[in-house]
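Structure follows, in structure tokens:
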């Protein structure tokens, strides 16, 4: 192990910039990689630190493991060869991801299993999960010990602490389970230590093919470890996150000892893996060639002797003074607990915004949900205290919806018709008793054909997941998931509600025509001529289908819609779309892009608010975005910005009473792309503090993907969306990224604006305003984060080191400008998304453990997303004409 804990380089001044010098008991101690305060220096261990006796005098006493705890190993100790792994034990227990997330919540007293004469025990399903996990972790540690040729002394198995035993009292059982879970963290500390050694060995031998070692991940896989399990395990920061965001226990080392004993780690190695390490420093060593590189920086030494303490920083995480912090997680220090009242205030605020921009049809549907208050196809959440006493909004399985609602008194149940969800929480106020006859609006047999309104992600961690697409979107953009009847839709259902389900066919056609014209006006500027231009009726069913694909409206009943295409208005609209997509001439009085049109968008009041931004996207690619400066009418510090000239004109056509906040909410509801650009000088320059959990998932050549791979991807994406404030960007990106994030990201965070500058230029985007050269900024997602949200993998092809990148969902590059890119999330998009998800999560008929369709590469996605070629051509022409119109308008404004 002589080369396992050494690096070829030495400690540099840049490694010590965050260091701290302290004088303890007259000796100088230095921590080179952090400014954390040292309270005291521990005694050197002279016994087995894993045994429950503190001294030689008590060595013959019977062992009592109840006297030790995980907290005994979360503080720095002097490094010892057999117990060096203790330095890698995490100070914050992060039980997250699909593997360790099963241990996140401990069972309650009511959930314990009780057998007369035997006592209380862990629930059977949890017991089996923990027992399987213990065996898997122990196996992984054993494989890596052999792989790295290490000789650590291992801790006792978690079983020793009693989670598998039966106990006479429920209190003893709960304590045993809690302490056993802590011991799992100790074993993960061992695993983390072995991973660090393996990484060092692999890096050291990378250039020597005959001596090279396979990396630890590949070695575990080759030894029989499941890649799905391993990927899920490493989602926890305790396993292999060596960044400053994950604090380990740390250690004390002797500089003299590291030179005399090859088995001890070098300071450089500990710093490289984020381990806080203190060592005693003597001023005379600064002239010794062996130790001069470890000398504190001059100003750090001077601050001690001047009596000026160095700053106390637990992490390299600066405070964000301007904007509220994102919801905290187990990896960060909790300073504010989520309460029901605060959640309700935030939810009421976003609901008020949604109400301002909802259509008449959406309002009718919401009020109908409010009256019926159904629960079978709704999402039900139960607010449960976690181990820290914090309330966690926990999703209830659909099968338990009714039982959960019946357990709570009136006054402890709240229904939100905007999101079609129920919340159950005893902190809402005083209970008002039970209604034994309450059926929450359901009638017997009413759920025979119900389809679950699931969110884009399964929710292994039990956090809130809401899905805006299952309610309250505009007519033509609704998710068609209410019933399994393919002839029924939100469109048709909304009409039937007006007349007891018996809407006349002529009224159906009338409303459908009105919706078609609304879409064509908003996105293509179509106004039609007065009088209506004479055009032949559209009788060919294929032409009818092509036209409806371009509008994004899926016909609920083609037979009932046939009279629609005999109308002059629709015939004129079809002719307009045909000429638009074929690059034929468009008359000025047909669309509002003509200056002589009676509704010319040129004169819309928002046209004067457009400020073009030049944005450098890298790779020598510069694009123009369109920022709206509402001046004194602004309600936010940021400015509403769109990436498309055609969509900028759509903004100009919307209700002129909409504020910037209303516009953002409108776009969030419809899955349209936008940005919240803010003047860079008004944002904090402190680096962004939330680390990214995105990682490049890889698979070996020839790997056969499993359904569990898709579940792990969902969990990994969900974890990022809930823990990183920049996940707000996914909600603003539109398309597939919006669809997978809209149910997991708090819209209030989106509306608060940019997070601030980041030390990583990939985490923000800047735009320069034409004419003024003023700089504006907003958050951005890194390439790895976008890949993570699409479920992309790096898979070796077998041709050298060439990779292919299959993914569960299409990347933005594949989706944008495809035949499904309407500029908003249409019903055709939702149907396609449901199809992708179903094939990824449903078993194959031949091999049930595999999905019906594995991840596919970019070429196959291009084929899958062909959609409407006419839509692509129409939108392309619309974009060019709109860009020319806006440029001419801006130039005219500057000249005047």
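Numbering (UniProt numbering), first residue to last: 1 to 896.
For every residue, glycine included, the Cβ atom is placed at its ideal position computed from N, Cα and C.
| task | Could you tell me how far apart the beta carbons of residue 874 and residue 524 are, in whole angstroms, since I believe they sit closer than 8 Å? | result | Looking up residue 874 in the chain shown gives position 874. Looking up residue 524 in the chain shown gives position 524. Their Cβ separation, rounded to whole angstroms, is 7 Å, which keeps residue 874 and residue 524 in contact under 8 Å.
| Meets three-Cβ-pair contact criterion under 8 Å: the region 610-617 and the region 767-787 | yes
| task | Look at the alpha carbon of residue 517 and the alpha carbon of residue 779, and state the distance between them as a whole number of angstroms. | result | The residue labelled residue 517 in the question sits at position 517 within the chain shown. The residue labelled residue 779 in the question sits at position 779 within the chain shown. Their Cα atoms are separated by approximately 36 Å.
| task | Tell me whether residue 266 sits in a helix, a strand or coil according to DSSP, three-state version. | result | Here residue 266 is taken as the residue at index 266 of the chain shown, counted from 1. Reduced to three states, the DSSP call for residue 266 is coil.
| message | Here's the rule: buried if 16 or more other CB atoms are within 10 angstroms of the residue's CB, otherwise exposed. What is residue 55? | response | For the purposes of this step, residue 55 is taken as residue 55 along the chain shown, with counting starting at 1. Reliability of the predicted coordinates at residue 55 is poor, the pLDDT of 47 falling under 50, and the value obtained from them is presented with this limitation in mind. Answer is exposed; the Cβ neighbour count stays below 16.
| task | Could you spell out the range, first to last residue, of the alpha helix (DSSP H) harbouring residue 258? | result | For this step, residue 258 is matched to residue 258 along the chain shown. Element bounds for residue 258: 255-260.
| Beta-carbon gap between residue 22 and residue 304 smaller than 8 Å | By 1-based counting over the chain shown, the position of residue 22 is 22. By 1-based counting over the chain shown, the position of residue 304 is 304. Yes, Cβ-Cβ distance for residue 22 and residue 304 is below 8 Å.
| task | Tell me where the beta strand (DSSP E) around residue 422 begins and ends. | result | Locating residue 422 in the chain shown gives position 422, counting from the first residue. It spans 421-424 - the beta strand (DSSP E) in which residue 422 sits, taken as one unbroken run.
| message | Tell me the rounded alpha-carbon separation between residue 278 and residue 156. | response | As a working mapping, residue 278 is identified with position 278 in the chain shown. As a working mapping, residue 156 is identified with position 156 in the chain shown. Spanning the two alpha carbons is a distance of roughly 28 Å.
| task | Starting from the C-beta of residue 703, find all residues in its chain whose C-beta is less than 8 Å away, skip the five residues before and the five after it, and write them out in chain order. | result | As a position in the chain shown, residue 703 is number 703, starting the count at 1. If we look at residue 703 and ignore the five residues flanking it on each side, its Cβ neighbours are 227 and 795.
| task | May I ask you to report which of helix, strand or coil DSSP gives residue 678? | result | The residue you call residue 678 lines up with position 678 of the chain shown. In the structure shown, residue 678 sits in a strand (DSSP, three-state: E or B).
| task | Return the first residue and the last residue of the beta strand (DSSP E) that residue 612 is part of. | result | The residue given as residue 612 occupies position 612 in the chain shown. 610-616 is the span of the beta strand (DSSP E), which, as asked, contains residue 612.
| query | Residues in its own chain within less than 6 Å of residue 882 by CB, not counting five upstream and five downstream? | reply | Along the chain shown, one-based indexing puts residue 882 at 882. Cβ within range, chain order: 645, 646 and 649.
| request: Quick one: give me the first and last residue of the beta strand (DSSP E) that residue 126 is part of. | output: Here residue 126 is taken as the residue at index 126 of the chain shown, counted from 1. Note, residue 126: premise wrong, no beta strand (DSSP E); alpha helix (DSSP H) at 124-148.
| field | Beta-carbon contacts of residue 15 that lie in its chain and below 7 Å, excluding the five residues immediately before and after | value | The residue you call residue 15 lines up with position 15 of the chain shown. If we look at residue 15 and ignore the five residues flanking it on each side, its Cβ neighbours are 32, 33 and 271.
| query | For the alpha helix (DSSP H) that contains residue 849, what are its first and last residues? | reply | Position 849 of the chain shown, counting from 1, holds the residue named residue 849. Neither: residue 849 is in no alpha helix (DSSP H) and is coded neither H nor E.
| said: For residue 843, list the residues DSSP reports as bridge partners. | reply: Looking up residue 843 in the chain shown gives position 843. Paired residues: 851.
| request: Look at the Cβ atom of residue 375, then the Cβ atom of residue 422, and state whether they are nearer than 8 Å. | output: Working through the chain shown from its first residue, we reach residue 375 at position 375. Working through the chain shown from its first residue, we reach residue 422 at position 422. Yes; because the gap between Cβ atoms is below 8 Å, this pair is in contact.
| query | What does residue 767 pair with, by DSSP beta-bridge criteria? | reply | Taking the chain shown and counting its residues from 1, the one referred to as residue 767 is at position 767. The partner list for residue 767 (beta bridge, DSSP) reads 615 and 776.
| message | Here's a check: name, in chain order, each residue in its chain whose Cβ is nearer than 6 Å to the Cβ of residue 792, leaving out the five neighbours to either side. | response | Position 792 of the chain shown, counted from the first residue, corresponds to residue 792. The residues are 805 and 807.
| request: Entirely within the region 662-749 and at least 4 residues each: give me those alpha helix (DSSP H) ranges in chain order. | output: 707-723, 728-732 and 735-741
| Inter-residue spacing [alpha-carbon to alpha-carbon] between residue 876 and residue 551 | Indexing the chain shown from 1 puts residue 876 at position 876. Indexing the chain shown from 1 puts residue 551 at position 551. Answer to the nearest angstrom: the Cα atoms are 15 Å apart.
| To the nearest angstrom, how far is it from the Cα of residue 871 to the Cα of residue 879? | Along the chain shown, read from residue 1 onward, the residue named residue 871 stands at position 871. Along the chain shown, read from residue 1 onward, the residue named residue 879 stands at position 879. Cα to Cα, residue 871 sits roughly 12 Å from residue 879.
| field | Alpha-carbon to alpha-carbon, residue 812 and residue 862 | value | Here residue 862 refers to the residue found at position 862 when the chain shown is read from its first residue. Here residue 812 refers to the residue found at position 812 when the chain shown is read from its first residue. Those two C-alpha atoms are separated by around 12 Å.
| query | When the distance is taken between beta carbons, is residue 242 closer than 8 Å to residue 77? | reply | The sequence position of residue 77 within the chain shown is 77, counting from 1. The sequence position of residue 242 within the chain shown is 242, counting from 1. No, they are not a contact pair.
| Run through DSSP, which three-state label would residue 27 get? | As a working mapping, residue 27 is identified with position 27 in the chain shown. The answer is strand: DSSP assigns residue 27 an E or B state.
| field | Three-way DSSP call (helix, strand, coil) for residue 791 in this model | value | Counted from its first residue, the chain shown places residue 791 at position 791. Of the three classes helix, strand and coil, the one that applies to residue 791 here is coil, per DSSP.
| task | Pair every Cβ in the region 137-144 with every Cβ in the region 119-127, then say whether three or more of these pairs are closer than 8 Å. | result | no
| field | Simplified DSSP assignment, three categories, for residue 878 | value | Within the chain shown, residue 878 is the residue found at index 878, counting from 1. Note: residue 878 maps to helix in three-state DSSP.
| query | Taking Cβ positions, are residue 134 and residue 159 nearer each other than 8 Å? | reply | Working through the chain shown from its first residue, we reach residue 134 at position 134. Working through the chain shown from its first residue, we reach residue 159 at position 159. For residue 134 and residue 159, yes; Cβs fall inside 8 Å.
| Under the three-state reduction of DSSP, which class applies to residue 9: helix, strand or coil? | Residue 9 sits at position 9 when you count from the first residue of the chain shown. Here residue 9 sits in coil by DSSP.
| Taking DSSP as the reference, what is the three-state secondary structure of residue 294? | For the purposes of this step, residue 294 is identified with residue 294 of the chain shown, where counting begins at 1. Residue 294 falls in the helix class under three-state DSSP.
| Span separating the alpha-carbon of residue 350 from that of residue 746 | The sequence position of residue 350 within the chain shown is 350, counting from 1. The sequence position of residue 746 within the chain shown is 746, counting from 1. Answer to the nearest angstrom: the Cα atoms are 9 Å apart.
| field | Boundaries of the beta strand (DSSP E) in which residue 216 is found, first to last residue | value | As a working note, residue 216 is residue 216 in the chain shown. No beta strand (DSSP E) holds residue 216; the alpha helix (DSSP H) holding it covers 216-222.
| Grouping DSSP H, G and I as helix and E and B as strand, with all else coil, what is residue 636? | Taking the chain shown and counting its residues from 1, one reaches residue 636 at position 636. Here residue 636 sits in coil by DSSP.
| If you draw a straight line from the alpha carbon of residue 493 to that of residue 189, how long is it in whole angstroms? | The residue you call residue 493 lines up with position 493 of the chain shown. The residue you call residue 189 lines up with position 189 of the chain shown. Here residue 493 scores only 38 on pLDDT, less than 50, and its place in the model is too uncertain to base an answer on.
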